[in-house]
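When you line the sequence shown up against mature numbering (1 follows the signal peptide of the UniProt record, and there is no 0), it's residues -24 to -1, 1 to 743, in that order.
Just so you know, even glycine gets a beta-carbon here, dropped at the ideal spot from N, CA and C.
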Amino acid sequence: MKFQISFTNLLLCWGLIWMPITFGSEDYYELLGVNKDANNRDIRKAFKKLAVSMHPDKNKDDKDAHDKFVKIARAYETLKDPDLRKHYDLYGEDNQNKRQQSYQSWNYYRDNFGIYDDDPEIVTLNRAEFEQTVETGGDVWFINFYSAMCSHCHQLAPTWRKFAQRMQGVIRVGAVNCEDDWVLCRNENIGSYPSLLYYPDKEKFRGDRSEDDLVKYILNKLDIDIKQVTPSSWPSYENIPRLLFFSDFSGDGPSEETRSKVSIMLEGLMTVAHVECEKYDSFCEAMGASSGTAVWPTKEDSHPVFLGGLEAQEIVNQVLYHLPEPPIITLKDFEDLHEKLQDGASEPWLLYFHMGEPESARLDLRKLPAKLPGIRIGRVNCGQSHQLCSNLHIHRYPVYGVFKLGGTYELYHGRSLASDVAHFARQSSRAQHVTTLTPDEFPLSSSPMLVDFFAPWCPPCMRLLPELRLASQTLGSSVPVGTVDCTVHAGLCRQMGVNSYPTTRLYNGSNVNLFTGEHRASSIVEFLEDLMSPVVQELDPDSFYEIVGKKKEEEMMLVDYFAPWCGPCQQLAPQWRKLAKMLSDLSMVKLASVNCEKYSDLCLQQGVRSYPSIRVYPLGSKGLSQVALYSGYHRDALTLRQWVMNFIPSLVENLNEDTFNRMVRGSSKPWLVDFYAPWCGHCTVFAPEFDLASRKLEKLGVHSGKIDCQEHRTFCQLLGVNAYPTVRLFLPNERGRGIDISNRSADDLVQVVASLWTTEAPEHDEL
């Protein structure tokens, strides 16, 4: 007989009444006066402007000044953080998680806040940008980790600005505000301010923080390769692109520092050399110079081009101007190269799409061949090849696109610096199964495809795209990845029901599954593997009453009743799959889920009044005769596992001094013992791991026990236990203090104990 309860037809999602992209209070973007595509620098500058004008210190006659300022401060705190911003874009303002908002003095916002936001040479990095550009970008970075409250940091700021201007184009210069991004600073072990770190070595600068000393430090760290030319060695350079510095006693030419910087900036493009004309005056006279700079842009050039200027950037710009541009690609050229890519008969291509801009605007493009060996480079003038650009749905200029083996392609949405473009091109060309989708590809085929709907202005979207590429390299052709730019294809996104970014779904025939996990490649792969080989059973009414309704006493069923539109349900989904894996060694425990939007009658019959509703049908009961509901606030896998283990009889013996001496000391079998204290948080987290390990170890003939060291304090001290949890293995007839085991996961515990003790053991039932 089916169990049914009547109740009001109002479905609550654990305190959150869900409405797509609407908010219970003012819109945070409107409060700060920024667009949804605002980057972190725009958000900081907008907040600083408001903070200075609206601060209660300057509006003492306004009784609402405090409340107004708290609103903009909360908006800034939310939008500056990529994770909080994504949560806000998806679900709006979460009233349950509002904290008491504090703020600084007016002087702080005027003088201390966003101190590098007006300096284009300095990149102010948040955690997401740091991970994408510093940790994986491959460039040299020198980063100032500072605190806005630190006087030494403000004293350094003018020097740091001049240093950044002086090293522009040589290295990347960054800044991290450790008050805003304390997690990043903690991860980088920042213990004092300002801390200047050189990457990729992660070396801390410990010298004098003067501009000259900072420059000298960087130039000493870089691999500067300037060939010293003599008349006899010069012929060996004559058939390659080359730049030659001339110098004499007058000192009229570029300085040694400039020569070093130019060498780094032209690395890979040409050989940089230097001749001392006071030593080889006849050679220099034959060349037609005694100071200055000459360049032979290509190996075919037999006559030099003499360059003016003494500054590195000025010289490099002149060199780039004389380098050949990548070839123009017409519609016919593109069709030919695309056909070869589909057949696997060509290297990947990086194409630069532009619309009649001056040649001087494309100088950075000429750096790319040296940075991208193995990738061919071309450019498309969309004014001349309008049909090609229209076919690719390119409506903004300039833009880069990578065209890959197999015929897939991606467009670039980041900064247009050569180093950033090169990083994207390398990453994209390796991810052959990630491609751009347009309305022409919809409806999709019945084969599985992961589709990411995004907007280029959305920081979490830009953070997710590199992770999708990494995941694709693991997944290969089994699950290709497609991306849809919703700013270009707004109609398609509306048609697909996309109302927040990023929205990532697996389409597999008629089945659609939303990805709600952490934006990491490993989480994406895990999500897809779980769906392709499910660890959680999806129940319909028939299977529910067959599996749960006919559950045996020796079985336990855990069921998640959810609605796809419910935010907390979406957050629970990856944790539910993770929980299923964590409990997979317990053969009597099965996890399932019921879609209450699809099977509303079933959920009504089971009295499900809110989503998500987590229920356990425990051991010792048949079918639906007994049920327990989870009422905890936290729904992560570890917390849920701890709750589930309360329903499973433990194989771990509770020991005291007498039972320890009798059962452990006198045993012919080994014992693994957990020494714990009830007040110890780590002990509570560890307990389920120890329980799981005990079940596996029983099959090896190893017994498990635990001792409460709060109750048996003297005995624990006698055994030398002074930290909790402490885990020790006592071998047969062990009279000493046992073997300390530091591992804290069930699998690691079993592996270590098995390596110390292996014995034939009879097969035991799970219980």
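Between residue i and residue j, which are expected to be in contact by the criterion C-beta below 8 Å, what is the C-beta distance as a whole number of angstroms?
{"i": "residue 219", "j": "residue 246", "result": "6 Å"}
{"i": "residue 506", "j": "residue 671", "result": "Between residue 671 and residue 506 the Cβ distance is about 24 Å, and since that is not below 8 Å, they are no contact."}
{"i": "residue 733", "j": "residue 707", "result": "7 Å"}
{"i": "residue 331", "j": "residue 389", "result": "Residue 331 to residue 389, Cβ: 18 Å. No contact."}
{"i": "residue 299", "j": "residue 235", "result": "Not quite, the Cβ-Cβ distance comes to about 19 Å (not below 8 Å), so this is no contact."}
{"i": "residue 313", "j": "residue 398", "result": "Their Cβ separation, rounded to whole angstroms, is 20 Å, which puts residue 313 and residue 398 out of contact at 8 Å."}
{"i": "residue 705", "j": "residue 712", "result": "So it is not a contact: roughly 11 Å between Cβ atoms."}
Please return the same chain residues whose Cβ sits closer than 7 Å to the Cβ of residue i, not counting the five positions on each side in sequence.
{"i": "residue 47", "result": "2 and 7"}
{"i": "residue 557", "result": "511"}
{"i": "residue 237", "result": "146 and 288"}
{"i": "residue 363", "result": "307"}
{"i": "residue 35", "result": "41"}
{"i": "residue 731", "result": "none"}
{"i": "residue 12", "result": "5 and 433"}
{"i": "residue 329", "result": "356, 358, 365, 370, 373, 374, 375 and 377"}
In terms of residue numbering, what span does the beta strand (DSSP E) encompassing residue i cover?
{"i": "residue 189", "result": "It is not in any beta strand (DSSP E) - residue 189 instead sits in the alpha helix (DSSP H) that spans 187 to 197."}
{"i": "residue 229", "result": "Where residue 229 is concerned, there is no enclosing beta strand (DSSP E), given that its DSSP letter is neither H nor E."}
{"i": "residue 487", "result": "487 to 490"}
{"i": "residue 484", "result": "479 to 484"}
{"i": "residue 534", "result": "532 to 538"}
{"i": "residue 645", "result": "Premise fails: residue 645 is in no beta strand (DSSP E) and is neither H nor E."}
{"i": "residue 693", "result": "Residue 693 -> not in any beta strand (DSSP E); alpha helix (DSSP H) instead, spanning 689 to 694."}
{"i": "residue 326", "result": "325 to 330"}
{"i": "residue 513", "result": "513 to 515"}
{"i": "residue 684", "result": "679 to 684"}
Got a sec, what are the start and stop residues for the alpha helix (DSSP H) residue i sits in?
{"i": "residue 221", "result": "First-last for residue 221: 218 to 223, but that is the beta strand (DSSP E), not the alpha helix (DSSP H)."}
{"i": "residue 171", "result": "Careful: residue 171 lies outside any alpha helix (DSSP H), inside the beta strand (DSSP E) at 171 to 175."}
{"i": "residue 543", "result": "543 to 558"}
{"i": "residue 5", "result": "4 to 8"}
{"i": "residue 143", "result": "Per DSSP, residue 143 belongs to no alpha helix (DSSP H) and is neither H nor E."}
{"i": "residue 620", "result": "613 to 621"}
{"i": "residue 16", "result": "16 to 30"}
{"i": "residue 400", "result": "394 to 406"}
{"i": "residue 158", "result": "158 to 163"}
{"i": "residue 499", "result": "497 to 508"}
Output needed for residue i: all residues of its chain with C-beta closer than 6 Å, excluding positions within five of it in sequence on either side, in chain order.
{"i": "residue -3", "result": "Only weak support is given to the placement of residue -3: the predicted model assigns it a pLDDT of 35, under 50, and the value that follows is read from those uncertain coordinates. Hits under 6 Å: none found."}
{"i": "residue 110", "result": "117 and 175"}
{"i": "residue 490", "result": "481"}
If you drop the 5 nearest sequence neighbours on each side, which residues of the same chain put their C-beta closer than 8 Å to that of residue i?
{"i": "residue 454", "result": "424 and 508"}
{"i": "residue 156", "result": "56 and 102"}
{"i": "residue 189", "result": "183"}
{"i": "residue 75", "result": "Residue placement at residue 75 cannot be trusted, given a pLDDT of 48 that sits under 50; the coordinates are not used to answer."}
{"i": "residue 573", "result": "539, 540 and 541"}
{"i": "residue 30", "result": "41, 44, 45 and 48"}
{"i": "residue 191", "result": "139, 142, 143 and 233"}
{"i": "residue 599", "result": "524, 525, 526, 527 and 593"}
{"i": "residue 553", "result": "502, 503, 506, 511 and 512"}
Which residue wins for smallest C-alpha separation from residue i, given the options the options?
{"i": "residue 748", "options": "348, 504 and 604", "result": "Residue numbering for the chain in the displayed model covers -24 to 743; residue 748 lies beyond these limits and cannot be assessed."}
{"i": "residue 340", "options": "274, 374, 319 and 323", "result": "374"}
{"i": "residue 204", "options": "181, 232 and 227", "result": "232"}
{"i": "residue 625", "options": "633, 596 and 53", "result": "596"}
{"i": "residue 426", "options": "483, 658, 290 and 627", "result": "483"}
{"i": "residue 259", "options": "136, 207, 222 and 391", "result": "207"}
{"i": "residue 396", "options": "61, 442, 606 and 535", "result": "442"}
{"i": "residue 216", "options": "229, 276, 163 and 166", "result": "276"}
{"i": "residue 370", "options": "726, 27 and 461", "result": "461"}
{"i": "residue 429", "options": "394, 436, 474 and 456", "result": "474"}
{"i": "residue 589", "options": "212, 536, 699 and 528", "result": "536"}
{"i": "residue 627", "options": "167, 52, 313 and 667", "result": "667"}
{"i": "residue 130", "options": "638, 159 and 171", "result": "171"}
{"i": "residue 361", "options": "311, 662, 669 and 108", "result": "311"}
{"i": "residue 620", "options": "630, 608 and 127", "result": "608"}
Note to self: Three or more C-beta pairs under 8 Å: does that hold for the region 455 to 472 against the region 518 to 526?
What the structure shows: When C-beta atoms of the region 455 to 472 are compared with those of the region 518 to 526, fewer than three pairs fall below 8 Å, so the two segments do not count as touching.
Check: Just checking, does the region 95 to 114 make contact with the region 375 to 384 on the three C-beta pairs under 8 Å criterion?
Finding: The region 95 to 114 is not in contact with the region 375 to 384.
Margin query: Would you call the region 403 to 418 in contact with the region 352 to 363, where contact means no fewer than 3 C-beta pairs closer than 8 Å?
Written below: As far as the Cβ criterion goes, the region 403 to 418 does not touch the region 352 to 363, which means the pair count is below three.
Checklist line | Cβ pair count under 8 Å reaching 3, the region 198 to 207 against the region 128 to 144 | finding: With fewer than three CB-CB distances shorter than 8 Å, the region 198 to 207 does not count as touching the region 128 to 144.
Notebook entry, point to check: How about the region 491 to 504 and the region 444 to 460: do they share at least three Cβ pairs that are nearer than 8 Å?
Noted result: Output reads yes: the region 444 to 460 touches the region 491 to 504.
Next item on the list: Say whether the region 290 to 301 touches the region 249 to 266, bearing in mind that this needs 3 or more beta-carbon pairs closer than 8 Å, one atom from each stretch.
Entry: No contact exists between the region 290 to 301 and the region 249 to 266.
Checklist line | Segment contact, 8 Å Cβ cut-off, at least three pairs: the region 679 to 694 with the region 635 to 649 | finding: Segments in contact, yes.
Note to self: Within 8 Å, do at least three Cβ pairs link the region 271 to 282 to the region 317 to 333?
What the structure shows: Touching, no.
Margin query: If contact is defined by three or more beta carbon pairs under 8 Å, each pair taking one atom from either stretch, is the region 605 to 615 in contact with the region 633 to 642?
Written below: The region 633 to 642, when compared against the region 605 to 615, does not touch it at the 8 Å Cβ threshold.
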